[in-house]
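*Asks:*
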Amino acid sequence: MNNDFLQELNNSQREAVAYVNGPSLVVAGAGSGKTRVLTYKIAYLLQLGLPPYSILALTFTNKAAREMKNRVGPLIDYSIANRLWIGTFHSIFYRILRAEAEHIGFTSNFTIYDSADSRSLLKSIVKEMKLDDKVYKISHIHARISYAKNNLITPNLYINNTELVKNDGYNKMPLLKEVYKMYWNRCFAAGAMDFDDLLVYTNILFRDHSQVLEKYQNIFKFILVDEYQDTNFAQHLIIKKIAEKHQHICVVGDDAQSIYSFRGANIENILGFKETYPQAKIFKLEQNYRSTQNIVDAANSLILKNKEQIRKTVFSEKEKGEKITVFTTFSDREEANKTADYILSLKKKFDYNDFAILYRTNAQSRVFEEAFRKSGIPYKIYGGLSFYQRKEIKDVLAYFRLAINPYDEEALKRIINYPARGIGNTTIAKITECAHTQNVSMWEVIVDSLKYNLQVNAGTANKLKIFADAIAYFSVQVLEKNAYEVADEIIKKSGIWTDINADKTTENLSRQENIQELLSAIHEFCASPSALSTREETEEKNISLVAFLSEVSLLTDQDNQKEEDTNKVTLMTVHASKGLEFKNVFIVGMEEELFPSARTLMSPKDLEEERRLFYVAITRAEQNCFISYAKTRFRNGQSNFCNPSRFLKDIDEAFLDLPIEFGFGQNNNYRNNDDIFGAFESSKPIFYSSKKLTRIDSLNNNIPTEKTLSTDGLSVGSKIQHERFGIGEVLSLEGDADSRKAWVDFGNNQKRQLLLKFAKYKII
């Protein structure tokens, strides 16, 4: 192999690939070929003589890791590509933790809790602590613990953090710190880690065991990181520790596409890369190979409004293309119908799978599903139930987990009485209480119920023994057989296969098909060349059930999406669309308090992320982009008047085909307006009466003129001062007593509907 393959890159890509003398940041604009740079850089490093095992490449999805390996293969050799350390952060750190488990008090067979397992355990803890689950909401506790772990805050640090504890008190959950501590201890006792633990324990491992850190610093001579803008504090710190000895690190990312702060992603990691690595060289990939010039220019003009960013000028050499079409409708239902009409009119030139509908929240999909069904447009929802989250599959996987790690409490509770073997909830509660009282695992109590004085009758004790013997038998098979052989045996001898063959209902037939599909996946895993070649290289049983289960446990959201060959329109959130591309994209619901989300309006930092999210949406489009908003949207049980999103004014109007009805379409001289958003404010306002929805004509700007004072002292035209929104004028009133509402204009394009019973205001 020679350097000829570098000639396939443009100048910016080639420079980024060839620089290997120190840390580097590759700022890759949307559609600029970042994966190409990463794969070519790996090939280039191998050509320089680096052994494949000394190159560490970290991604966020297994899909991205597979794509990287598949692209490297033709450039070098597939057998070499299989020996590279390419994988997700979690899969690579899991591999390291398994090898070094004894240093942190685990065995190498620790299992991984997914979100459902974690929430199930938290639910048990809240119940045991006799806390009100309406106050101590499991979803909130889970998110709070995840936030703490991503910031490397262990339970002891959490308890001593005044700000965190104070915040919990404000949210009426003062004992959350105790829930976190118990959750941490219970996971440890069960020999289990959740996804966040894989990062926490890797940091603990490297922090407390310098010889282990040095070992991996010496192994990994060069580190590459994909999507660096999505890294959190824990990931950033691990990478920094491994790289601090040799400083051979290259990170690739785009700050303009940093949209996952709710998952812990910290944009400061990429913005402050130069501060972390003062000697770093920065490369910019600015040519977009995906989208038309107009789409790229529109996206550029939008993101220019963000203050926190690494400046770059993305350009396209593709055709100029059509302007972005902005259209408005009276209601969200009409928005869906009009979108369907657009798709049908374009269907002559495109297939259905060339279209994507992007929305801010999942709830918006409903009206589009209804409209598409009526119009006969086939569609699929991206982000549905994962194959591995189906009940029958999770049941089988729980048996696998328990055979590998009998201390796995959540797996044990899931299948101790499935298929039914006469071990009811009362017995399970006794086992749980006994285990906690004796400070041992549930498994230890089941194996020796007499020793731990478990209060059950002889019949129940015998049933527990039969169950324990079965799991012990499966544990031996795990060590002696490959994944497919032991999986097939567990499914048959556990009674699962008999249970789902008990009758021929449609549901059971589907369950049978799913389990057969699981067995096919395991068989394919055992026969895959990559698994076999890796086994030969590392002398590790990589076709074991342990290896298969670890791969399944580490699947990400994107990996869980099943590829479909069907020709359907894709419906998805903007967050889920990152990394994807479509010929035609519809960005719907571009309204204030929806996009941007109402939760972000008080924070400039959050608003910038919402703008980046809009940037991501636009840059998914290759040929045509449509943006729509409704004047009324049915939310929270009622129709609400909506204002167009502030982000629409951030796009240079030269790249937009705007609605003519507002007086600033292509054929209108709207450029006389000093502020294009002023034109949006001239759209037809909508008011509500207690009897029916009334549309007020904007041509003569009619507004209700009644001046009758109500019992609360308000009338149309009243001036009020609201604690949050400031001074405004009442435009309309509706309803009576507790349901009385006012529509108020607070200026600066802020028209809001207030439920007067709860609104904090005074008349001025």
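Counted from 1, the sequence shown has number 917 at position 677 by the working numbering; the numbering is strictly sequential.
Cβ atoms here follow ideal geometry from the backbone N, Cα and C, with glycine treated the same way.
If you measure between the beta carbons of S790 and S450, is that distance less than 9 Å?
*Replies:* Residue 790 sits at position 550 when you count from the first residue of the sequence shown. Residue 450 sits at position 210 when you count from the first residue of the sequence shown. Cβ atoms of S790 and S450: not closer than 9 Å.
*Asks:* For the 8 Å Cβ check, are there 3 or more pairs between the segment 546-563 and the segment 289-305?
*Replies:* No, the segment 546-563 is not in contact with the segment 289-305.
*Asks:* Where does S868 sit, in a helix, a strand or coil, going by DSSP?
*Replies:* Start at 1 with the first residue of the sequence shown, and residue 868 comes out as number 628. If DSSP states are grouped into helix, strand and coil, S868 belongs with the strands.
*Asks:* I'd like the list of long-range same chain contacts for R839, defined as Cβ closer than 8 Å, with 5 residues on each side in sequence excluded.
*Replies:* Here residue 839 refers to the residue found at position 599 of the sequence shown. D846.
*Asks:* Look at the Cβ atom of I783, then the Cβ atom of A727, and state whether they are nearer than 9 Å.
*Replies:* Counting from 1 along the sequence shown, the entry for residue 783 is found at position 543. Counting from 1 along the sequence shown, the entry for residue 727 is found at position 487. No; because the gap between Cβ atoms is not below 9 Å, this pair is not in contact.
*Asks:* I'd like to confirm the pairing. Which residues does DSSP put opposite R464 in its beta bridges?
*Replies:* As a working note, residue 464 is residue 224 in the sequence shown. The amino acid occupying residue 464 in the given sequence is Leu; Arg does not appear at that position. According to DSSP, which records beta bridges pairwise, L464 is partnered with A297 and C490.
*Asks:* Does the beta-carbon of S698 have 16 or more other beta-carbons within 10 angstroms, so that it is buried, or is it exposed?
*Replies:* Numbered from 1 along the sequence shown, position 458 holds the residue referred to as residue 698. The sequence shown places Ala at residue 698, not Ser. By the neighbour-count rule (16 or more Cβ atoms within 10 Å), A698 is not buried but exposed.
*Asks:* Which residue's Cα is closest to the Cα of I320: F446, K309 and R886?
*Replies:* Here residue 320 corresponds to residue number 80 of the sequence shown, with the count starting at 1. The residue with the shortest Cα to Cα distance from I320 is K309.
*Asks:* Of the residues N883, A496, T328 and T872, which one's Cα is nearest the Cα of I543?
*Replies:* As a working note, residue 543 is residue 303 in the sequence shown. When each option's Cα is compared against that of I543, the closest is A496.
*Asks:* With 16 as the cutoff for other CB atoms within 10 Å, does G221 come out buried or exposed?
*Replies:* In the structure as shown, the chain begins at 241 and stops at 1004. Residue 221 is therefore absent and cannot be evaluated.
*Asks:* Buried or exposed: S358, going by 16 or more other Cβ atoms within 10 Å of its Cβ?
*Replies:* Position 118 of the sequence shown, counted from the start, is the residue given in the question as residue 358. It is buried - the Cβ of S358 has at least 16 other Cβ atoms within 10 Å.
*Asks:* Taking C-alpha atoms, which residue in P618, F707 and A982 lies nearest to R661?
*Replies:* Counting from one through the sequence shown, the residue named residue 661 turns up at place 421. Of P618, F707 and A982, the residue nearest in Cα terms is F707.
*Asks:* Could you tell me the boundaries of the beta strand (DSSP E) in which I621 lies?
*Replies:* Within the sequence shown, residue 621 is the residue found at index 381, counting from 1. Element bounds for I621: Y619 to I621.
*Asks:* Using only alpha-carbon positions, find the residue among E575, D594 and I583 that is nearest to T872.
*Replies:* Locating residue 872 in the sequence shown gives position 632, where the first residue counts as 1. It is E575.
*Asks:* Please determine if the segment 348-357 and the segment 635-648 are in contact, where contact requires at least 3 C-beta pairs separated by less than 8 Å.
*Replies:* The segment 348-357 is in contact with the segment 635-648.
*Asks:* Determine which residues share a DSSP beta bridge with K981 and list them.
*Replies:* Indexing the sequence shown from 1 puts residue 981 at position 741. Looking at the DSSP assignment, K981 forms a beta bridge with E974 and L995.
*Asks:* Taking buried to mean at least 16 other C-beta atoms within 10 Å of its own C-beta, is V366 buried or exposed?
*Replies:* Translated into positions along the sequence shown, residue 366 becomes position 126. Answer is buried; the Cβ neighbour count reaches 16.
*Asks:* Please list the terminal residues of the continuous alpha helix (DSSP H) segment that includes N540.
*Replies:* Here residue 540 refers to the residue found at position 300 when the sequence shown is read from its first residue. Unbroken alpha helix (DSSP H) run through N540: Q533 to I543.
*Asks:* Output the distance between the C-alpha atoms of D739 and G664, rounded to the nearest integer angstrom.
*Replies:* Locating residue 739 in the sequence shown gives position 499, where the first residue counts as 1. Locating residue 664 in the sequence shown gives position 424, where the first residue counts as 1. Between D739 and G664, the C-alpha separation is close to 18 Å.
*Asks:* One question on the structure: do V984 and I1004 come within less than 9 Å of each other, judged by their Cβ atoms?
*Replies:* As a working note, residue 984 is residue 744 in the sequence shown. As a working note, residue 1004 is residue 764 in the sequence shown. The answer is no: Cβ separation not under 9 Å.
*Asks:* Among F881, A894 and F513, whose alpha-carbon lies nearest the alpha-carbon of D494?
*Replies:* Along the sequence shown, read from residue 1 onward, the residue named residue 494 stands at position 254. The residue with the shortest Cα to Cα distance from D494 is F513.
*Asks:* Would you identify the three-state DSSP class for Y353, choosing helix, strand or coil?
*Replies:* On the sequence shown, residue 353 is found 113 positions in, with the first residue counted as 1. Strand.
*Asks:* Identify every run of the beta strand (DSSP E) within the segment 412-480, keeping only runs that are complete inside it and at least 3 residues long; order them along the chain.
*Replies:* As far as the segment 412-480 is concerned, its whole beta strand (DSSP E) runs of at least 3 residues are 432-434 and 462-465.
*Asks:* Please go through the same chain and pick out, in chain order, the residues whose beta-carbon is closer than 7 Å to the beta-carbon of N472, but skip the five residues on each side of it.
*Replies:* The residue you call residue 472 lines up with position 232 of the sequence shown. Around N472: N390, G504, A505 and N506.
*Asks:* Would you list the one or two residues that DSSP bridges to L896?
*Replies:* Numbered from 1 along the sequence shown, position 656 holds the residue referred to as residue 896. Paired residues: I564.
*Asks:* Cα separation between I621 and S605?
*Replies:* Translated into positions along the sequence shown, residue 621 becomes position 381. Translated into positions along the sequence shown, residue 605 becomes position 365. Computed Cα separation, rounded: 8 Å.
*Asks:* How many whole angstroms separate the CB atoms of V257 and L246, which I take to be in contact at a CB cut-off of 8 Å?
*Replies:* By 1-based counting over the sequence shown, the position of residue 257 is 17. By 1-based counting over the sequence shown, the position of residue 246 is 6. Right, the Cβ-Cβ distance comes to about 7 Å (below 8 Å), so this counts as a contact.
*Asks:* Between which two residues does the alpha helix (DSSP H) harbouring G699 extend?
*Replies:* For the purposes of this step, residue 699 is identified with residue 459 of the sequence shown, where counting begins at 1. That run of the alpha helix (DSSP H) goes A698 to E720.
*Asks:* Just checking my contact of G819 with L525 at CB under 8 Å: how many whole Å lie between their CB atoms?
*Replies:* To locate residue 819, count along the sequence shown from 1; it is residue 579. To locate residue 525, count along the sequence shown from 1; it is residue 285. Wrong, their Cβ atoms sit about 16 Å apart, outside the cutoff.
*Asks:* As a quick exercise: from F590, Y334 and Q695, pick the residue whose alpha carbon is nearest that of N349.
*Replies:* Taking the first residue of the sequence shown as position 1, residue 349 is located at position 109. Considering only alpha carbons, the answer is Y334.
*Asks:* Thinking C-beta only, is V856 closer than 9 Å to I499?
*Replies:* In the sequence shown, counting from the first residue as 1, residue 499 sits at position 259. In the sequence shown, counting from the first residue as 1, residue 856 sits at position 616. Going by C-beta atoms, I499 is nearer than 9 Å to V856.
*Asks:* Rounded to whole angstroms, what is the Cα-Cα separation between I336 and W683?
*Replies:* Along the sequence shown, read from residue 1 onward, the residue named residue 336 stands at position 96. Along the sequence shown, read from residue 1 onward, the residue named residue 683 stands at position 443. The alpha-carbon atoms of I336 and W683 are separated by roughly 27 Å.
*Asks:* Got a sec, what are the start and stop residues for the beta strand (DSSP E) Q878 sits in?
*Replies:* The residue given as residue 878 occupies position 638 in the sequence shown. Segment Q878 to F881, the beta strand (DSSP E) holding Q878.
*Asks:* Give me the Cα-Cα distance between G409 and E403, rounded to the nearest whole angstrom.
*Replies:* For the purposes of this step, residue 409 is taken as the residue at position 169 of the sequence shown. For the purposes of this step, residue 403 is taken as the residue at position 163 of the sequence shown. Their backbone Cα atoms lie some 10 Å apart in a straight line.
*Asks:* Hey, how far is the Cα of D219 from the Cα of S386?
*Replies:* The structure shown does not extend to residue 219, since the chain is modelled only from 241 to 1004, so the question has no answer here.
*Asks:* Nearest-angstrom Cα distance between Y280 and I489?
*Replies:* Along the sequence shown, read from residue 1 onward, the residue named residue 280 stands at position 40. Along the sequence shown, read from residue 1 onward, the residue named residue 489 stands at position 249. About 15 Å.
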